[in-house]
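Below: one structure, written as structure tokens.
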Amino acid sequence: MKIKRILIASFVFALGVNTLFAQKGKPLFPDTPGMVSYTFRKSLAKDPAATLDTLQKLGIKDMEFSSLFGKTAAELRKLLDERGMKCSSFGVQYPDALDKTKEVGENAKTLGAKFVRVAWIPHKGPFTLEMAEKTVADFNKIGKQLKEEFGITFCYHNHGYEFEKHEDGTLMDYIIQKTDPKYVSFEIDLLWTFFPGADPAALIAKYPKRFKLMHMKDLKKGVTGNMSGGTPVENDVALGTGQLDIPAILKAAKKSSIEHYYIEDESPSYATQVPQTMAYLKSLTY
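The number in the numbering used here is simply the position in the sequence shown, starting from 1, with 59 added.
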């Protein structure tokens, strides 16, 4: 596969460059990150087995799937098991999480996932308090069923629009504070926290026990954010080349309850950017 050759060559080159310039010290991020399936969505849709082979060669062992890519959960689990890989989180659409909770839980369990994640709250126009109130009720319901029937933790992945102002904070604060921590946790997406004007490190520090998962991504320099929850995919750049203070975020994360760190790169340049991101993370020291 052409993408496979590009990825591996890029990884070797980026690792060499970062090793050359890396300063001595304790590694800030010693572990190999996980990967969000959405990064490789096109190749996974064409050939899941070959794509997993490519990821395995890059050292990726931990996956967050947002689709079954035409396979059953059991078939996808078999492909992972054959490669010594795992699925720790399973992403689904809000309506499925709410209306097909049992099916979602069964698929997640089959995949071996400990988390089920929703990344978008269907809405039109600005996100409102009324929307947030319904979201809280739905999330508590979903989370309770997943925990009690399957032993799975439900997580919500922020997407930017939740940072509308509310009282002394934001509607994201409202959702975090009003959901039951026994049943609802969170996945922080770094770009979609920074884009609406929030500080990812500060948000993690404010709620150190609520975040369990992280999407690691960076925003192209010069891009101005807003509350829309959307930006062109070309604005996703390799970690360390954009606007976010990645070391500060990772230092805050190390003091939190975050268990899984996933690379998510939605851009068409992922074949070169993913290896660059991995090498950058490996080069970071205290």
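Glycine residues also receive a C-beta, built at the ideal position from the N, C-alpha and C atoms.
Predicted, not measured: the structure shown is a model, and the values here were computed from it.
The beta carbon of Thr238 sits closer than 7 Å to those of Val195, Phe198, Asn199, all from its chain and outside the five residues before and after it, given in chain order. Between Ala156 and Ile211, the C-beta gap is not smaller than 7 Å, which leaves the two residues out of contact. Taken in chain order, the complete alpha helix (DSSP H) segments of 4 residues or longer contained in the stretch 240–321 are 249–253, 259–265, 305–313. About 5 Å separates the beta carbons of Tyr329 and Thr98, which is inside the 8 Å limit, making them a contact pair. Residue environment analysis places Glu123 among the buried positions, since at least 16 neighbouring C-beta atoms fall within 10 angstroms of its C-beta. The continuous alpha helix (DSSP H) containing Arg100 extends over residues 100–105. Proximity to Met231 across Leu117, Glu318, Val163, Phe270 peaks at Phe270, based on C-alpha coordinates. Ranking Thr336, Leu343, Lys268 by CA distance to the CA of Leu117 puts Thr336 first. For Phe149, the enclosing beta strand (DSSP E) begins and ends at 145–151. For the pair Leu103 and Thr113, the CB atoms are not nearer than the 7 Å cut-off. In this structure, DSSP gives Glu192 a helical state, which the three-state scheme calls helix.
Here Thr229 is bridged, per DSSP, to Lys224. Nearest to Phe149 by C-alpha distance, out of Glu325, Ile234, Val95, Lys105, is Val95.
Between Ala108 and Leu139, the gap from beta carbon to beta carbon reaches 7 Å or more. Taking a C-beta distance under 7 Å as the contact criterion, Ala260 and Ile305 do not qualify as a contact pair.
For the 7 Å CB-CB criterion, Leu250 and Phe88 do not form a contact.
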